[in-house]
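Take a look at the structure below.
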Amino acid sequence: MKKLKLVMIGNGMAGVRTLEELLKLTDELYDITVFGAEPHPNYNRILLSPVLAGEQQFEEIVLNDLDWYAENGIRLMLKRKVVKIDRARRRVIADDGSEAEYDRLLIATGSNPFILPIPGNDLQGVIGYRDIADTQVMMETAKTHKHAVVIGGGLLGLEAANGLKLRGMDVTVVHIGDWLMERQLDKTAGTLLQSALESRGLKFLLPKQTAELIGNGEGRVKAVRFADGEVIPADLVVMAAGIRPNSELAEQAGLPCNRGILVNDTLQTYDPRIYAVGECANHRGTAYGLVAPLFEQAKVCANHLAMLGFSRYLGSVTSTKLKVTGIDLFSAGDFIGGEGTETITLSDPIGGVYKKLVIKDDVLVGACLYGDTADGGWYFRQVREGQNVAQIRDHLMFGAAGLGEGAIGDAGHQGQSKTMSMPDDMEVCGCNGVCKGTIVKAVQEHGLFSVDEVKKHTKAASSCGSCTGLVEQILINTVGGAADVKPKSEKAICGCSDLNHGQVRKAIREHHLISIPAAMAFMEWRTPNGCATCRPALNYYLISTWPGEAKDDPQSRFINERAHANIQKDGTYSVVPRMWGGVTNAAELRRIADVADKYQVPMVKVTGGQRIDLLGIRKEDLPGVWKDLDMPSGHAYGKSIRTVKTCVGSEFCRFGTQNSTQMGIDLEHALFNMWSPHKVKLAVSGCPRNCAESGIKDVGIIGVDSGWELYIGGNGGIKTEAGEFFVKVKSAEEVMEYSLAFLQLYREEAFYLERTVHYLQRVGMDHIKQAVLNDAERRKALHQRLLFSLSFEQDPWQEQLSKPQLKKEFDRIAVKQLENA
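According to the numbering used here, the sequence shown is numbered sequentially starting from 60.
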């Protein structure tokens, strides 16, 4: 069978994705020719900003290299701009005179930057921002010139401004709107964004209308004049004021166009042999500029090019999940609101979090998130599916069930519990419409072990990259320790700095940094105030390195540690009072029962750590609960010592060889108030029958006839890890010294949010034995440093009760504001 001829004009993301989808369906139907005006193969235009910022090289954002075209038999015509479509002869003609005949033609010419029609717009140094050539011009200009003006306060303009600032230019963003990114954010979120970017050194003029670009007499721009007469210097002007569908070629060929090439639900133009996808196409009155709808179009178009003909494109409900210079943003649907709508708003300016949900007739119709976008996908699902939210309205603001570690943070901080609780049909990658189940299935069926492999098989995380952390966590949950992910030791602490955790700890120690502002200033943090990722880490590194000097910053802790209780999915809290070694008495049990009655606690539950959990307590009741319990904090909410689990040991058990209960009580008293990189759990078993499950604890101690065996690095979580044998000692005093020395070594060397098992895997058992077992002086020094550090700590419940200024955290405040729009 003779193959048909398919010609594609344009070599961008939407067009090449159509070819990829087509090749999945058939590779026997067409001879394919691709014309690209640029000299490069298909690359990810969404990631031009990291290239400008110096975070990535161009080679890293190439999606399909030259080998891919060759392997699929695609004739690639680079540096050839098609200038004419001859519909009568069914040919396309390029600017170098080359031609190609077609049976089917796919137009994927994308869009052009909108260049303001003002005097001086043709001066040297005035550019748009759409391709790698524009990016290279900006990088070269930054080497020799100082002043940059970016016209446009949308995503592209802000990314350009950030990249130019990082390259040393003095940057001013000019925007005609009242606030930044007004199409993606409401005014509150836009204002928060502007404040955050101003703190990084960017300047803003808005609302401001540009009137003229002034030249230097030699053909290059030197200044910008505004409609109000103000003039500012400009050696470079980047026009990022919007895009226009590139439909000129189609118009010249006589195809109907109206703000884009008009297409039907099969992505066909009025000429049934010609299709159009991407930013150049207008479907049902909309020309989409986001990547997710374009990829949806690609799949439908490929279906019809393959002559299967059962798929239809009916338009897209769009959402925007973006990371503007390290700040997470998300919006979906009608996030402004209008007649007949209600809004639920949570605003935490200090914590850098803003959430706005818009409801109409008990249906979530829009969402706008700033700073915390972990539940963006879940909200988008509610908007897209139009589900009735009346039954979950009271905790709608807290997102999907299983939020886990607090209301601040990204998907990585939400951790394994969140990804495990995600349903298989929940969307992970909005750009490519990839759900969790698709990723898990691909990992299992194809034996995938790296995020790059997941990208190749599913396309998840291959576009904007904002879901990479979530994809990585799903990969880890699926294959466990076999996952080939970049070790934390090599990762930058966050987008605010290029330094990794080890470098940050070293700088704090060697330069005696004792406050977050001082640390950020010394290490030249990109963001003066940091973010929800780096601030908790910096806070821990400071207080653990310089106890008694560095002051704990409550606002740099997750919500659980600020409230000293575990937040639950409905916004209430759970309280776990301390029971030393799991031992309690009648008086404590009576107080617990009285508290349960007085505060109408809906559930009282025994935990796996031998404690009693009071669940469903309102935040404003927490101080009263603590006071009435009159028991120490169980620290069940923190990156800290949690519990020391014990069996009854030699006191009562006929098999017990050692007094495990007293050993557990003594250890828990010694470690009380210990903050650590992650949660720490201990257990003491009185004999090798190990009833306290010591083998899966961070430190596990097992009594034997001749003394005690110590195990470290155990973990009873999602991926159970057995502790490794560490040392055998004879006395209870040695148990105390060796255990505390190891924990102090972990506190000093582990990275924030690194469990002991992962610390052990990273540094190796030999390193730990050398520090604790083989070097007696260092062991004793570690032991003493931990005791010194703990001497400054107080029981957080008692501290909150004794200091009135700390009680404001628990004042009854309405974080949910219901109001008619």
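Where a beta carbon is used, it is the ideal one built from N, C-alpha and C, also for glycine.
Since the model is a prediction, treat every value here as computed from it, not as a measurement.
With 16 other Cβ atoms within 10 Å as the buried cut-off, status of residue i
| i | result |
| --- | --- |
| Ser-719 | buried |
| Asp-294 | buried |
| Thr-631 | buried |
| Arg-318 | exposed |
| Ser-848 | buried |
| Met-72 | buried |
| Glu-531 | buried |
| Arg-814 | buried |
| Gly-368 | exposed |
| Gly-506 | exposed |
| Thr-592 | buried |
| Ala-645 | exposed |
| Pro-855 | buried |
Length of the line joining the Cα atoms of residue i and residue j
| i | j | result |
| --- | --- | --- |
| Thr-168 | Gly-69 | 5 Å |
| Leu-799 | Leu-730 | 8 Å |
| Val-283 | Val-502 | 53 Å |
| Cys-494 | Leu-182 | 47 Å |
| Met-579 | Leu-256 | 16 Å |
| Leu-688 | Gln-859 | 14 Å |
| Ile-210 | Leu-111 | 17 Å |
| Gln-829 | Gly-561 | 20 Å |
| Cys-746 | Thr-702 | 19 Å |
| Ile-395 | Gly-227 | 36 Å |
| Leu-65 | Arg-134 | 10 Å |
| Ser-52 | Asp-431 | Any question about residue 52 goes unanswered here, given that the chain covers just 60 to 880. |
| Cys-590 | Ile-386 | 8 Å |
| Phe-785 | Asn-833 | 12 Å |
| Cys-750 | Ser-744 | 6 Å |
| Trp-734 | Tyr-599 | 8 Å |
| Pro-266 | Leu-239 | 10 Å |
| Asp-453 | Leu-107 | 41 Å |
Residue i (DSSP reduced to helix, strand or coil)
| i | result |
| --- | --- |
| Gln-857 | helix |
| Pro-292 | strand |
| Phe-714 | coil |
| Ala-840 | helix |
| Cys-593 | helix |
| Val-635 | coil |
| Gly-344 | coil |
| Pro-304 | strand |
| Glu-569 | helix |
| Met-582 | coil |
| Gln-268 | coil |
| Val-530 | helix |
| Glu-608 | coil |
| Gln-115 | coil |
| Gln-614 | helix |
Boundaries of the alpha helix (DSSP H) in which residue i is found, first to last residue
| i | result |
| --- | --- |
| Phe-354 | 350-364 |
| Leu-372 | One point to set straight first is that residue 372 is Tyr, not Leu, in the sequence displayed. First-last for Tyr-372: undefined, no H or E at that position. |
| Ala-830 | 824-831 |
| Ala-891 | Residue 891 lies beyond the residue range present for the chain, which begins at 60 and ends at 880; the question has no answer from this structure. |
| Glu-444 | 435-444 |
| Ala-800 | 791-808 |
Beta bridge counterpart(s) of residue i as assigned by DSSP
| i | result |
| --- | --- |
| Asp-484 | For Asp-484, which the question treats as bridged, DSSP gives no partner whatsoever. |
| Met-298 | Ile-210 |
| Asp-229 | His-206 |
| Lys-664 | Asp-672 |
| Gln-183 | Arg-279 |
| Pro-109 | In DSSP, Pro-109 forms no bridge with anything. |
| Arg-150 | Asp-145 and Glu-160 |
| Ser-744 | Ile-761 |
| Cys-316 | Ile-320 |
Bounding residues of the beta strand (DSSP E) (the contiguous stretch that carries residue i)
| i | result |
| --- | --- |
| Asp-421 | Element bounds for Asp-421: n/a, residue is neither H nor E. |
| Tyr-770 | 766-771 |
| Gly-762 | 758-763 |
| Val-499 | Not the beta strand (DSSP E): Val-499 falls in the alpha helix (DSSP H), residues 495-505. |
| Ser-735 | Careful: Ser-735 lies outside any beta strand (DSSP E) and carries neither H nor E. |
| Ile-386 | 386-392 |
| Val-513 | From DSSP, Val-513 is part of no beta strand (DSSP E) but of the alpha helix (DSSP H) over 510-517. |
| Ile-133 | 133-137 |
Heavy atom of the ligand ZN within 8 Å of residue i beta-carbon
| i | result |
| --- | --- |
| Ser-848 | Only the bare structure without any ligand can be found here, which leaves the ligand ZN out of the picture. |
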